[in-house]
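**Q** Residue numbers (this note's numbering), protein chains in the order written: chain A, 411 to 713; chain B, 376 to 664.
Take this structure, written in structure tokens, and hold onto it; I'll ask about it next.
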Amino acid sequence: MTTRYNSDLHRFGTLALLLVTLVACGRPSDNGDGGSRQVIQNKGSDTLVNVAQAWAEEYKTVKPEVAVAVTGGGSGTGISALINGTVDLASSSRQIKASEKQQAQKNGVEPKEHIVGFDALAIFLHPDNPIEEMSLQQLAAIYGEGGTIDSWSQLGVSVPGCGSDEIVRVSRQNNSGTYAYFKQAVLGKGMEYKLGSRDLHGSKDVVDLVEHTPCAIGYSGLAYANEGVKVPCVRRQDGGECVAPSVASALDKSYAIARPLFMYTAGEPQGEVAEYLQWILSHDGQCILFEKGYAPVLTVTCS
Amino acid sequence: MFETTDLNQRNRQVESRVKTLFLLMTLLLILPVLVILTMLVIKGGPMLSIDFLFTEPTQGMTAGGILPALVGTVWLVVVALLASVPFGVAAALYLSEYAADNWLTRIINLAIINLAGVPSIVHALFGVGAFVLFFRFGTSILAASLTLAVMTLPVVIVSTREALQAVPHAFREACWNMGATRWQTIRRVVLPNSISGILTGVILEVSRTAGETAPIMFTGAAFYLPFLPQSVYDQTMAMSLHLFVISTQVPDVPEGLPYGVALVLIGMVLSMNALSIAFRTYLRGKKKW
Numbered sequence: 411m412t413t414r415y416n417s418d419l420h421r422f423g424t425l426a427l428l429l430v431t432l433v434a435c436g437r438p439s440d441n442g443d444g445g446s447r448q449v450i451q452n453k454g455s456d457t458l459v460n461v462a463q464a465w466a467e468e469y470k471t472v473k474p475e476v477a478v479a480v481t482g483g484g485s486g487t488g489i490s491a492l493i494n495g496t497v498d499l500a501s502s503s504r505q506i507k508a509s510e511k512q513q514a515q516k517n518g519v520e521p522k523e524h525i526v527g528f529d530a531l532a533i534f535l536h537p538d539n540p541i542e543e544m545s546l547q548q549l550a551a552i553y554g555e556g557g558t559i560d561s562w563s564q565l566g567v568s569v570p571g572c573g574s575d576e577i578v579r580v581s582r583q584n585n586s587g588t589y590a591y592f593k594q595a596v597l598g599k600g601m602e603y604k605l606g607s608r609d610l611h612g613s614k615d616v617v618d619l620v621e622h623t624p625c626a627i628g629y630s631g632l633a634y635a636n637e638g639v640k641v642p643c644v645r646r647q648d649g650g651e652c653v654a655p656s657v658a659s660a661l662d663k664s665y666a667i668a669r670p671l672f673m674y675t676a677g678e679p680q681g682e683v684a685e686y687l688q689w690i691l692s693h694d695g696q697c698i699l700f701e702k703g704y705a706p707v708l709t710v711t712c713s
Numbered sequence: 376m377f378e379t380t381d382l383n384q385r386n387r388q389v390e391s392r393v394k395t396l397f398l399l400m401t402l403l404l405i406l407p408v409l410v411i412l413t414m415l416v417i418k419g420g421p422m423l424s425i426d427f428l429f430t431e432p433t434q435g436m437t438a439g440g441i442l443p444a445l446v447g448t449v450w451l452v453v454v455a456l457l458a459s460v461p462f463g464v465a466a467a468l469y470l471s472e473y474a475a476d477n478w479l480t481r482i483i484n485l486a487i488i489n490l491a492g493v494p495s496i497v498h499a500l501f502g503v504g505a506f507v508l509f510f511r512f513g514t515s516i517l518a519a520s521l522t523l524a525v526m527t528l529p530v531v532i533v534s535t536r537e538a539l540q541a542v543p544h545a546f547r548e549a550c551w552n553m554g555a556t557r558w559q560t561i562r563r564v565v566l567p568n569s570i571s572g573i574l575t576g577v578i579l580e581v582s583r584t585a586g587e588t589a590p591i592m593f594t595g596a597a598f599y600l601p602f603l604p605q606s607v608y609d610q611t612m613a614m615s616l617h618l619f620v621i622s623t624q625v626p627d628v629p630e631g632l633p634y635g636v637a638l639v640l641i642g643m644v645l646s647m648n649a650l651s652i653a654f655r656t657y658l659r660g661k662k663k664w
């Protein structure tokens with residue numbers, strides 16, 4: 411009897427062993443040098459995360475012994491990880507705040523800023539929306555606290571499919587750099603958003619929602635625009651020239667809501683991190699950024 | 376014979392209506408599962424190939440395979456199991472075989488039940504505070520797996536305890552009467568007779584662990600990694616997070632890709648469950664009562 415029971419237990423043991431072997435099998439073979447591989451941790455902005463991913467993917471062919479791990483979560487997430495010392499590079503679509511800088515210094519971290527590209531913030535409308543032009547004042551009155559525009563008829567249009575006439579405001583969650591930049595550039599310093607907007611967790615979500623909601627207006631990086639949404643041009647002042655968002659208009663600053671994109675390092679970048687940043691700012695790195703729909707920091711001619 | 380009275384007839388009618396209603400509700404319950412599976416197979420099926428499983432994602436994760444995510448999920452599950460099963464089974468053994476029914480035991484039981492009810496995102500924050508920052512594991516497989524282990528411990532404890540208590544008490548008494556100690560009884564009688572139930576619980580835990588997203592998002596899973604994890608201190612990609620990322624964050628993903636990933640994930644979970652059922656049937660056939 412006992413031997414039989416024991417054999418059951420032994421089987422259990424064998425199973426456990428099998429599991430352990432599975433762990434061993436999970437070990438990859440593509441990277442023979444194992445221990446010498448260096449990992450650069452890059453975390454932050456959801457706007458930049460797809461460019462960061464493309465950089466990491468390409469850098470694998472440039473320098474196979476260095477691996478770049480990319481995580482999103484929002485500009486705020488990246489910067490706080492830099493403050494906590496858990497990442498090498500924090501990508502951010504807004505400038506670091508004074509309070510964050512102080513906290514970093516308290517932790518013995520001196521954040522160093524690097525501009526890695528520019529981004530035009532596009533306004534998104536449903537394709538059936540007749541509006542072709544908007545001004546910063548109108549946007550502020552739609553999005554800003556105390557703003558008076560709540561319905562499409564106040565803008566002189568009626569939107570087919572939008573029976574309620576109400577402007578459905580689509581925005582981002584408050585640790586997003588896009589959220590922070592739009593607030594500063596469109597609403598003005600110290601202004602708050604009007605309550606009742608739909609705050610979504612990603613640029614892609616914003617575009618998806620606007621695409622399917624005739625009443626909606628949204629904003630996000632131009633790189634996320636697709637054929638399903640309309641992108642109006644934006645006037646700096648009422649009566650001023652109406653400029654369409656593009657890589658060129660972001661670069662020559664004629665477009666009103668274009669912003670620099672940042673990477674922050676703890677102190678002056680060293681070793682592999684410095685080399686990686688240098689590559690990002692090189693012609694090759696900037697071409698990848700350009701292909702993703704952002705404006706590069708230098709003139710590039712990409713294939 | 377008896378005449379059917381009006382009352383009788385009415386009762387019978389009500390009876391059959393109630394039965395139909397309940398049947399419909401049951402069918403309604405199965406419907407979403409069927410719809411999901413069919414959708415996944417139709418839309419994701421064409422994506423599946425050996426290459427899809429065993430190559431890395433390319434072109435900004437809009438093409439290529441899912442190897443790093445697949446391997447990552449296996450790592451996460453295995454490490455989580457290694458951490459939670461010994462603790463869970465030991466705790467269940469103590470609670471079922473040794474603990475007296477006093478206030479301490481009752482508090483422990485209450486704590487376990489409450490732990491099972493904690494939302495996974497709260498476990499995620501606990502994981503960040505405890506494993507990533509306090510123990511300084513960083514964002515790594517270790518931190519993520521331990522978070523998953525803490526989250527699934529109550530499941531293991533409860534299912535193990537149930538399996539142990541399903542062993543008839545008379546078996547233990549017979550053993551004690553032969554002069555065996557508690558441990559000898561556990562080792563020779565209780566464990567062999569409850570191993571099928573314990574394994575079932577463990578395998579169910581695997582399927583839950585493989586599908587969780589929130590607990591690993593902040594503790595160890597990455598948006599993109601150009602390498603496969605090589606130790607528990609590495610970050611990793613994971614199937615669940617990869618699915619989330621390509622369906623909400625990455626532009627221009629071909630429509631079939633997220634369905635393909637979901638199909639592989641659900642396939643993993645379902646085959647685990649099937650394995651669990653097969654095991655249980657096999658071991659139950661050897662039961663002595």
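Backbone N, C-alpha and C define an ideal beta-carbon position, used for all residues, glycine too.
Select from the segment 469-480 of chain B all residues with a C-beta closer than 9 Å to any C-beta belonging to chain A, and list them in chain order.
**A** So the list is empty, because no residue satisfies the distance condition.
**Q** Are T448/B and S615/B touching if we call contact CB-CB under 9 Å?
**A** Start at 1 with the first residue of the second sequence, and residue 448/B comes out as number 73. Start at 1 with the first residue of the second sequence, and residue 615/B comes out as number 240. Yes. Within cutoff.
**Q** Taking the C-alpha atoms as reference points, what is the distance between Q515/A and S509/A?
**A** For the purposes of this step, residue 515/A is taken as the residue at position 105 of the first sequence. For the purposes of this step, residue 509/A is taken as the residue at position 99 of the first sequence. Cα to Cα, Q515/A sits roughly 10 Å from S509/A.
**Q** Determine, using beta carbons only, whether A455/B comes closer than 9 Å to chain A.
**A** Within the second sequence, the letter at position 80 stands for residue 455/B. So, not an interface residue.
**Q** Using a threshold of 9 Å, state whether the C-beta atoms of V460/B and P604/B are closer than that.
**A** Position 85 of the second sequence, counting from 1, holds the residue named residue 460/B. Position 229 of the second sequence, counting from 1, holds the residue named residue 604/B. The answer is no: Cβ separation not under 9 Å.
**Q** Using only the alpha-carbon positions, how far apart do R645/A and A684/A sit?
**A** Taking the first residue of the first sequence as 1, we reach residue 645/A at position 235. Taking the first residue of the first sequence as 1, we reach residue 684/A at position 274. The alpha-carbon atoms of R645/A and A684/A are separated by roughly 39 Å.
**Q** Does the beta-carbon distance from A589/B to A613/B come in below 9 Å?
**A** As a position in the second sequence, residue 589/B is number 214, starting the count at 1. As a position in the second sequence, residue 613/B is number 238, starting the count at 1. No, the pair does not count as a contact, with Cβ atoms beyond the cut-off.
**Q** Against chain B, which members of the segment 459-483 of chain A pass a CB distance test of less than 7 Å?
**A** Flagged, chain order: V459, N460, Q463, A464, A466, E467, K470, A477, V478, A479, V480, T481, G482.
**Q** Tell me M673/A's beta-bridge partners as DSSP assigns them.
**A** What you label residue 673/A is simply residue 263 of the first sequence in a count that begins at 1. DSSP, once it has assigned bridges, lists S501/A, H524/A as partnering M673/A.
**Q** For the segment 468-475 of chain B against the segment 460-468 of chain A, are there 3 or more C-beta pairs whose distance is under 8 Å?
**A** The answer is no - the segment 460-468 of chain A does not touch the segment 468-475 of chain B, with fewer than three Cβ pairs under 8 Å.
**Q** Identify each residue in the segment 493-509 of chain A for which the Cβ-Cβ distance to at least one residue of chain B is less than 8 Å, and report them in chain order.
**A** Answer set for the segment 493-509 of chain A: N494, T496.
**Q** Measuring alpha carbon to alpha carbon, tell me which residue in A635/A, G598/A, Q583/A, K604/A is nearest G612/A.
**A** Counting from one through the first sequence, the residue named residue 612/A turns up at place 202. Checking every option, the nearest Cα to that of G612/A belongs to Q583/A.
**Q** Look at the alpha carbon of D498/A and the alpha carbon of I482/B, and state the distance between them as a whole number of angstroms.
**A** Within the first sequence, numbered from 1, the residue matching residue 498/A stands at position 88. Within the second sequence, numbered from 1, the residue matching residue 482/B stands at position 107. Near 45 Å, if we compare the C-alpha coordinates of I482/B and D498/A.
**Q** Is the Cβ of T433/B closer than 9 Å to any Cβ of chain A?
**A** If you number the second sequence from 1, residue 433/B lands on position 58. Judged by the 9 Å Cβ criterion, T433/B is in contact with chain A.
**Q** 9 Å is my cut-off, CB to CB: does H622/A come that close to chain B?
**A** Within the first sequence, the letter at position 212 stands for residue 622/A. No - not a single Cβ of chain B is within 9 Å of the one on H622/A.
**Q** When you compare only the Cα positions, how much space is there between A666/A and V653/A?
**A** Taking the first sequence and counting its residues from 1, the one referred to as residue 666/A is at position 256. Taking the first sequence and counting its residues from 1, the one referred to as residue 653/A is at position 243. If I take the Cα positions, the gap works out to 8 Å.
**Q** Is there a Cβ from chain B that is less than 9 Å from the Cβ of D662/A?
**A** As a first step, residue 662/A is located in the first sequence; it is residue number 252 there, counting from the start. With 9 Å as the cut-off, D662/A does not count as an interface residue toward chain B.
**Q** Assuming H524/A contacts F700/A under a Cβ cut-off of 8 Å, what Cβ separation, rounded to an integer in Å, is found between them?
**A** Within the first sequence, residue 524/A is the residue found at index 114, counting from 1. Within the first sequence, residue 700/A is the residue found at index 290, counting from 1. That pair is no contact at about 17 Å.
**Q** Assign R385/B to buried or exposed, taking buried as 16 or more other Cβ atoms, counted over all protein chains shown, within 10 Å of its Cβ.
**A** Working through the second sequence from its first residue, we reach residue 385/B at position 10. By the 10 Å Cβ count, R385/B comes out exposed.
**Q** Give me, in chain order, the residues of the same chain whose beta-carbon lies closer than 6 Å to that of S646/B; leave out the 5 immediate sequence neighbours on both sides.
**A** Locating residue 646/B in the second sequence gives position 271, counting from the first residue. Hits under 6 Å: none found.
**Q** Flag this pair as yes or no: are the beta carbons of G638/A and V580/A separated by less than 9 Å?
**A** In the first sequence, residue 638/A corresponds to position 228, counting from 1. In the first sequence, residue 580/A corresponds to position 170, counting from 1. Not in contact: G638/A and V580/A (Cβ atoms no closer than 9 Å).
**Q** Helix, strand or coil: how does DSSP classify Y629/A here?
**A** Taking the first residue of the first sequence as 1, we reach residue 629/A at position 219. The answer is strand: DSSP assigns Y629/A an E or B state.
**Q** Measuring CA to CA, which of H617/B, P567/B, I591/B, T623/B is closest to L619/A?
**A** Numbered from its first residue, the first sequence carries residue 619/A at position 209. Comparing Cα positions, the closest option is T623/B.
**Q** Could you name the residues of chain A that A341/B contacts, counting a contact when the two beta carbons are closer than 8 Å?
**A** One cannot answer for residue 341/B here, as it falls past the ends of chain B, which runs 376 to 664.
**Q** Have a look at I516/B, I641/B, L500/B and flag the residue whose alpha-carbon is nearest the alpha-carbon of L412/B.
**A** Translated into the one-based positions of the second sequence, residue 412/B becomes position 37. Answer by Cα proximity: I641/B.
**Q** Indicate whether at least one CB of chain A lies closer than 9 Å to the CB of T514/B.
**A** Walking along the second sequence from the start, residue 514/B turns up at place 139. Yes, contact with chain A.
**Q** Three or more C-beta pairs under 8 Å: does that hold for the segment 522-539 of chain B against the segment 567-576 of chain B?
**A** As far as the Cβ criterion goes, the segment 522-539 of chain B touches the segment 567-576 of chain B, which means the pair count is three or higher.
**Q** Can you tell me which of the three DSSP states Y603/A falls into?
**A** Against the first sequence, residue 603/A aligns to sequence position 193. It is a strand residue.
**Q** I'd like the list of long-range same chain contacts for W689/A, defined as Cβ closer than 7 Å, with 5 residues on each side in sequence excluded.
**A** For the purposes of this step, residue 689/A is taken as the residue at position 279 of the first sequence. Cβ neighbours of W689/A beyond the five flanking positions: Y469, V472, G695.
**Q** Whole angstroms is fine: what's the gap from V525/B's alpha carbon to A499/B's?
**A** Against the second sequence, residue 525/B aligns to sequence position 150. Against the second sequence, residue 499/B aligns to sequence position 124. About 10 Å.
**Q** Whole angstroms is fine: what's the gap from A658/A's alpha carbon to L632/A's?
**A** For the purposes of this step, residue 658/A is identified with residue 248 of the first sequence, where counting begins at 1. For the purposes of this step, residue 632/A is identified with residue 222 of the first sequence, where counting begins at 1. Whole-angstrom Cα-Cα distance: 12 Å.
**Q** Taking only beta-carbon atoms, is P626/B less than 9 Å away from chain A?
**A** Walking along the second sequence from the start, residue 626/B turns up at place 251. Answer yes: the Cβ-Cβ gap between P626/B and chain A drops below 9 Å somewhere.
**Q** Would you grab the beta carbon distance between K511/A and P521/A for me? Rounded to a whole angstrom, and I think it's under 8 Å.
**A** Here the question's residue 511/A lines up with position 101 in the first sequence. Here the question's residue 521/A lines up with position 111 in the first sequence. Contact holds; Cβ gap of about 6 Å.
**Q** By alpha-carbon positions, which one of H622/A, L610/A, G649/A ends up nearest to S630/A?
**A** One-based indexing of the first sequence puts residue 630/A at position 220. Taking only the C-alpha atoms, the option nearest S630/A is L610/A.
**Q** At the level of alpha carbons, what is the spacing between E682/A and T611/B?
**A** Sequence index remark: in the first sequence, residue 682/A carries index 272 (1-based). Sequence index remark: in the second sequence, residue 611/B carries index 236 (1-based). About 21 Å.
**Q** Measuring only the C-alpha atoms, how far is A466/A from N452/A?
**A** For the purposes of this step, residue 466/A is identified with residue 56 of the first sequence, where counting begins at 1. For the purposes of this step, residue 452/A is identified with residue 42 of the first sequence, where counting begins at 1. Whole-angstrom Cα-Cα distance: 9 Å.
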